[in-house]
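Q:
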Amino acid sequence: LGIQRKERAKIEAHLLGLEGKKLVRRVRNRYLLPAESDLVRGRFETSGRGFGFVVRESGTGEDVYVPARHAKGAMHGDSVEILARETGGRGGRNEGCVVRILKKERKTIVGVFKERMGAPFIVPFDSASLEEMPLVSRGSLFPKPGMIVAADRGRLVLTDVFGFPDDEGVDARVIIRKYGLTEGFSGDVLAEAEETAARTRDSAGRVDHRDWTTFTIDGEHAQDFDDAVSIRPLDGGRAVLGVHIADVSHYVRPGTALDRSAFERGTSVYFPGLTLPMLPERLSNDVCSLRPREDRLTVSVLLEIAGDGSVLRAEFHPSIIRTSERLTYASVFKIFEGDAEERARLAPLVPDLLAMRELARRLRARRVGGGSLDFDLLEPELVYQEGRLASIATFAQNEAHKLIEEFMVAANVAVAARLSRGNVPSIFRVHPPPAFGDLERLRDTLLPLGIVLPAPDRIGPADLQSAIRAAEGKPHGKFVNVQILRAMRLAAYSEKNAGHFGLAQADYTHFTSPIRRYPDLLVHRAIRACLDNETYAPGNWEQIGAHCSATERRADEATRDVVSWLKCYYMRDKLGEEF
């Protein structure tokens, strides 16, 4: 403005006063008028296609679109502050500009190495822009153009060369580095796992269920077994469903090196042919895993279920079990389909399995009838032969998958209701309703297909389930499923029990997979403390929930990246063919 220093000081003092009264807002060295100060904090996400989105930190409101020119160096996963404005038009899409990067998610840039006139460049995978970034130095590395490399984000110096995309093992190594995943365990964590594995496994203070017929049902290639199930029919169409979950909290104690390592990882990560477990193998695949015909410590949820699928009573207690068999989804489905050979092989378990099928159907009918969403989607299954990717098939859930899903949902709901009813501090699995604008766009998309939804502010999960049913079996059926799924917000972990929109449940948490998910371990500790009339206080529940949500997103994104990579690798010599 060309003002003198003395005048400048007065103006700055006045602006500080206005800021104190919240009449203006300061961002770095700029002052914004209230009408323009719609600053939004959130997580920056991009697929590297020339733009990005910011998922609001508050969890409410629509994601904000950020053009590449306004990303200001933000990369996928960064916490950012943006200035958001409504651009107008139908749906009133918000568009934003990154004001500052609050926290850089990763310190390493991974991308493709290029050269121009002898100068080194990197094309990052996680940037909103497809433009090359100049490197300050190659360090001591000399990659060839087209190789995948890593660079220090702050200094822009090459740190690693992974090789060409087609080189064996490059895919997993790149994704692990790109997402900052951890391989292996430190010496003290491994030593602690060995020491804790020797902890007593007697039944003192536990309900003994070793005389119950109990078994696990998992995939053919599953490595760890968190959950086992049992059933005891009662008169009047009632039944007692037993869901027995590995008592990982008995072995992984708060504040230990083992616990800190599990918290940092947050979850196990599963790649085709490679697992990065949350816990060392001594625990995850051995003493905590519910192996057949071995005594195992568990936390049991016993649910008395009526003929209409309603839960009449829920009981929780530490227990000890001995599973009679390790079943697979394929085997159980054969039994459901009447396979004589499989029924003969597992004859002692067939009555229980058929009773479970009937019980799961009742639970499912009640859940879907209450408005719970039930998507019908196709998933890719990578088929390997002799260690090589041989084909890509379609994976579809059968009734055995759905049986376990229903039982786990029922147990999770019961645990969440118990914690909520007792005002027990814990962590919940929450799923907020879709944003108004997303529902409005979904309504407009489905209308030409003859599917009419209510006004966006009146759409509930039951309406979306009706739309899925209306499209079932029709050519556009999968399309409708995908559009509804895209309108959904991400589920997350929170200390506030805000309900689960997709499942149409007021109470929901994750309790059934403590070997591979840290939030489940937290819930185990909370429910055990509740049963002992104590309170489990690990720290700031809000921050813990945010961390667990972030590690879950990281694992999901990393897995999707590897699968996408492998699919492209498999299809690379099939250009021009139709499938």
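Quick note on our numbering: the sequence shown kicks off at 1 and runs consecutively. We put the beta carbon where it would ideally sit given N, CA and C, even for glycine. Bear in mind the structure is a predicted one, so any value in this text is a computation, not a measurement.
Are there 16 or more other CB atoms within 10 angstroms of the CB of Lys334, so buried, or fewer, so exposed?
A: Counting Cβ neighbours within 10 Å, Lys334 comes out buried, since at least 16 surround it.
Q: Count Cβ pairs between the segment 196-216 and the segment 486-497 that sit closer than 8 Å; are there 3 or more?
A: Judged by Cβ distances under 8 Å, the segment 196-216 makes no contact with the segment 486-497, as fewer than three pairs qualify.
Q: Quick one, are the C-beta atoms of Trp541 and Glu577 less than 8 Å apart?
A: No.
Q: Is Gly307 close to chain C? Criterion is C-beta to C-beta, closer than 8 Å.
A: You won't find chain C in this structure, because it holds only one protein chain.
Q: With Gly242 as the anchor, note down where its beta strand (DSSP E) starts and where it stops.
A: Gly242 -> beta strand (DSSP E) spans Ala239 to Ala246.
Q: So, with DSSP's three-state summary, where would you put Ser494?
A: Strand.
Q: Between Ala181 and the rest of its own chain, which residues show a CB-CB distance below 7 Å, the 5 nearest in sequence each way excluded?
A: For the sequence presented, residue 181 should be read as Leu rather than Ala. Correct list, in chain order: Val269, Leu276 and Ala558.
Q: So Gly307 and Gly370 are in contact, right, with Cβ under 8 Å, and what is the actual spacing, rounded?
A: About 17 Å; that fails the 8 Å criterion.
Q: For His500 versus Gly266, is the C-beta distance shorter than 8 Å?
A: Cβ atoms of His500 and Gly266: not closer than 8 Å.
Q: Do Ala416 and Thr551 count as a contact pair if the criterion is CB distance below 8 Å?
A: No.
Q: Across the segment 204-217 and the segment 225-232, are there enough close Cβ pairs to call them in contact, namely three or more that are closer than 8 Å?
A: In short, these stretches touch, since the Cβ pair count reaches three.
Q: Could you spell out the range, first to last residue, of the beta strand (DSSP E) harbouring Cys97?
A: Cys97 -> beta strand (DSSP E) spans Asn94 to Lys103.
Q: Compute the distance between the beta-carbons of Lys107 and Asp78, then report whether it is under 8 Å.
A: Their beta carbons are not under 8 Å apart, which means Lys107 does not touch Asp78 by this criterion.
Q: So if DSSP puts Ser319 in a beta bridge, which residue, or which two residues, is it bridged to?
A: Beta-bridge pairing links Ser319 to Val207 and Thr298.
Q: Going straight from the alpha carbon of Val55 to that of Arg441, what length do you get?
A: The alpha-carbon atoms of Val55 and Arg441 are separated by roughly 18 Å.
Q: Indicate the three-state DSSP secondary structure (helix, strand or coil) for Val452 in the structure shown.
A: If DSSP states are grouped into helix, strand and coil, Val452 belongs with coil.
Q: Counting along the chain, where does the alpha helix (DSSP H) carrying Val229 start and finish?
A: Element bounds for Val229: not the alpha helix (DSSP H) but the beta strand (DSSP E), Asp227 to Pro233.
Q: Taking Arg441 as part of the alpha helix (DSSP H), name the residues at either end of that continuous run.
A: Per DSSP, Arg441 belongs to the alpha helix (DSSP H) from Phe436 to Leu446.
Q: Does Glu325 come out as helix, strand or coil in the three-state DSSP assignment?
A: Strand at Glu325.
Q: With C-beta atoms as the reference, is Arg141 less than 8 Å away from Val161?
A: As written in the sequence, residue 141 is Leu, which differs from the Arg given in the question. Their beta carbons are under 8 Å apart, which means Leu141 touches Val161 by this criterion.
Q: I need the DSSP call for Pro380, collapsed to helix, strand or coil.
A: If DSSP states are grouped into helix, strand and coil, Pro380 belongs with the strands.
Q: Label Ser530 either buried or exposed according to how many other C-beta atoms from any shown protein chain fall within 10 Å of its C-beta, with 16 as the threshold for buried.
A: What sits at residue 530 in the sequence shown is Cys, not Ser. Result: buried.
Q: Find out if the Cβ-Cβ distance for the pair Asp226, Ile515 is shorter than 8 Å.
A: Yes, the pair counts as a contact, with Cβ atoms nearer than the cut-off.
Q: CA-CA distance, Phe579 and Ile392?
A: Answer to the nearest angstrom: the Cα atoms are 11 Å apart.
Q: Does Asn94 pass the burial test, meaning 16 or more other C-beta atoms within 10 Å, or should it be called exposed?
A: Buried: at least 16 other Cβ atoms inside 10 Å.
Q: Could you compute how far the alpha carbon of Gln223 sits from the alpha carbon of Asn285?
A: Cα to Cα, the separation comes out at about 6 Å.
Q: Please classify Ile484 as buried or exposed, where buried requires at least 16 other C-beta atoms within 10 Å of its C-beta.
A: Buried is the call here.
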